[in-house]
Amino acid sequence: MAMRAAFFKNPVVAADIAMELLERFPNAPHYPQADGSVKLAAGWLIDQCQLKGVTIGGAAVHRQQALVLINANNATSKDVVALAQHVRQKVGEKFNVWLEPEVRFIGQSGEVNAVESIA
Numbered sequence: 001m002a003m004r005a006a007f008f009k010n011p012v013v014a015a016d017i018a019m020e021l022l023e024r025f026p027n028a029p030h031y032p033q034a035d036g037s038v039k040l041a042a043g044w045l046i047d048q049c050q051l052k053g054v055t056i057g058g059a060a061v062h063r064q065q066a067l068v069l070i071n072a073n074n075a076t077s078k079d080v081v082a083l084a085q086h087v088r089q090k091v092g093e094k095f096n097v098w099l100e101p102e103v104r105f106i107g108q109s110g111e112v113n114a115v116e117s118i119a
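Following full-length UniProt numbering, the numbering of the sequence shown begins with 1 at its first residue and continues without gaps.
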C-alpha cells in the first residue's frame with residue numbers, strides 16, 4: 001500500500017488577500033485564524049487550476065487528491081521538482097497565493113530549502 005500525504009502546506013494568508021480571493025470565489029474553503037490571518041485549502045486551489053492528472057516526466061498530480069504528487073512512471077527527482085514548480089506557478093498566477101512544500105527535500109549533501117527549490 002502506498003503512502004499518500006500532502007505535498008503542499010495549506011497556505012495562511014493575510015485577511016485582505018483572503019477577502020480578495022473570497023470576492024472572486026465565494027465558495028472557497030477558508031479557515032479564519034486567531035491572529036486574523038486566514039488558512040486556505042491548498043487542494044482546492046490546485047483543483048481550481050485543473051491540475052489533477054497533470055504529468056511532467058514520470059511525476060503526476062493524483063487524479064483524486066490534488067495535494068498528492070505521485071510517481072506515475074519512474075519519476076526522477078527532477079520530474080517531481082518540475083511538477084511542483086508547475087503547480088506552484090499555476091496556483092500563484094490564478095490566486096496570487098504561493099504554495100510551499102510540506103515535504104522536505106533531501107539532496108546529495110543533505111536537506112535543501114524546499115521553497116527555494118520550487119520557486
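All C-beta atoms in this analysis are idealised placements derived from N, C-alpha and C, irrespective of residue type, glycine included.
Small disclaimer: the values here were computed from a predicted structure and weren't measured.
Option nearest residue i by Cα separation, candidates the options
i, options, result
"Arg63", "Lys78, Ser77, Ala75, Gly43", "Gly43"
"Gln65", "Ala75, Ala15, Val54, Gly58", "Val54"
"Glu116", "Val81, Lys94, Gly110, Gly57", "Val81"
"residue 120", "Ile56, Leu69, Ala14, Ala28", "The structure shown has nothing for residue 120, since the chain only spans 1 to 119."
"Arg24", "Gln48, Ser109, Gly107, Ser37", "Gln48"
"Glu100", "Ala114, Ser77, Gln108", "Ala114"
Per DSSP, the bridge partner or partners of residue i
i, result
"Ile106", "Glu111"
"His30", "Leu40"
"Pro101", "Phe8"
Beta-carbon proximity of residue i to residue j, cut-off 8 angstroms
i, j, result
"Pro11", "Val97", "yes"
"Ala18", "Leu40", "yes"
Sequence-distant residues of its chain with Cβ nearer than 7 angstroms to residue i (five each side left out)
i, result
"Leu51", "Val61, Ala66, Val87, Lys90"
"Gly92", "Trp98"
"Asn73", "Gly58"
"Asp79", "Ile56, Gly57, Gly58, Ala59"
"Phe95", "Leu21, Leu45"
"Ser37", "Val12, Val13, Ala14, Ala15"
Supposed close pair residue i, residue j - CB separation, criterion 8 angstroms
i, j, result
"Phe8", "Glu111", "No, Phe8 and Glu111 are not in contact; Cβ-Cβ is about 18 angstroms, not under 8 angstroms."
"Ala84", "Ile118", "4 angstroms"
Heavy atom of the ligand ATP within 7 angstroms of residue i beta-carbon
i, result
"Ala14", "Ligands displayed in this structure: none; no statement on the ligand ATP is therefore possible."
Close beta carbons around residue i, own chain, < 6 angstroms, minus the five adjacent residues each side
i, result
"Ala2", "Its pLDDT being 49, under 50, Ala2 is placed unreliably in this model, and the value from its coordinates should be taken loosely. Taken in chain order, the list of residues that qualify is empty."
"Phe105", "Val112, Ala114, Ser117"
Beta-carbon contacts of residue i that lie in its chain and below 8 angstroms, excluding the five residues immediately before and after
i, result
"Pro26", "none"
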